[in-house]
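In this note's numbering, the protein residues as written are 3 to 146. By construction, the Cβ of each residue, glycine as well, lies at the ideal position given by its N, Cα and C atoms. Just so we're clear, the structure is a prediction, and the values are computed from it rather than from any experiment.
Quick look at the structure:
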């Protein structure tokens, strides 16, 4: 299986970002990539703001950053090559969904006075739902 080519462009008369799914995928990719940049460039700030679960650990934070960035890149590529959308969205929905479940299980385990647990649970759940809806749209478009 080779690299994606321009042979799988967006539907005729339409640009990828003008399609609802294309715009939504680009938005999710941007959220993941911007979050990854924050985790890479200011890891202690990220930990203090939204990752306040126990002691700071740069390695684990960078592991999470790498996973976020990988999914973000896959989604960004799927904006240009629609044939990648279903696979990228399936991976994104699963990764973000499991991340959300982890936050719900850890609810209340964040640092005292922090809202990182609730913010993480709600934001990750919302993002997983958005990815799931986008996946449903993409699969429906392919079936049409």
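Using only CA atoms, which one of the options lies nearest to residue i?
i: residue 94; options: 26, 60, 108; result: 26
i: residue 28; options: 118, 87, 60; result: 87
i: residue 52; options: 138, 37, 78; result: 37
i: residue 61; options: 73, 74, 41, 22; result: 41
i: residue 138; options: 106, 90, 56, 70; result: 90
i: residue 73; options: 141, 92, 105, 24; result: 92
i: residue 125; options: 57, 71, 115, 100; result: 100
i: residue 70; options: 127, 39, 121, 117; result: 39
i: residue 180; options: 43, 45, 56, 44; result: Coverage of the chain is limited to positions 3 through 146, which leaves residue 180 absent and any answer about it impossible.
If the criterion is Cβ atoms closer than 8 angstroms, does the pair residue i and residue j meet it?
i: residue 130; j: residue 98; result: yes
i: residue 108; j: residue 54; result: no
i: residue 78; j: residue 31; result: yes
Between which residues of its own chain and residue i is the CB-CB distance below 7 angstroms, once the five residues before and five after are set aside?
i: residue 110; result: 119
i: residue 123; result: 102, 105, 106, 109
i: residue 161; result: Residue 161 lies beyond the range of the chain shown here (3 to 146); nothing can be said about it.
i: residue 141; result: 88
i: residue 66; result: 41
Am I right that residue i and residue j are in contact with their C-beta atoms under 8 angstroms? What's the rounded C-beta distance?
i: residue 63; j: residue 49; result: 6 angstroms
i: residue 75; j: residue 24; result: So it is not a contact: roughly 16 angstroms between Cβ atoms.
Give every residue of the same chain whose Cβ lies closer than 8 angstroms to the Cβ of residue i, excluding the five residues on either side of it in the sequence, and list them in chain order.
i: residue 22; result: 139
i: residue 47; result: 40
i: residue 144; result: 88
i: residue 121; result: 52
By Cβ distance, which residues of its chain are closer than 6 angstroms to residue i, with the 5 residues on each side in sequence left out?
i: residue 7; result: Any reading at residue 7 is ruled out, since the residue's pLDDT is 49, under 50, leaving its predicted position unreliable.
i: residue 127; result: 102
i: residue 58; result: 49
i: residue 135; result: none
With a floor of 4 residues, list each alpha helix (DSSP H) that falls wholly inside the stretch 78 to 128, ordered by position along the chain.
-> Taken in chain order, the complete alpha helix (DSSP H) segments of 4 or more residues contained in the stretch 78 to 128 are 87 to 107.
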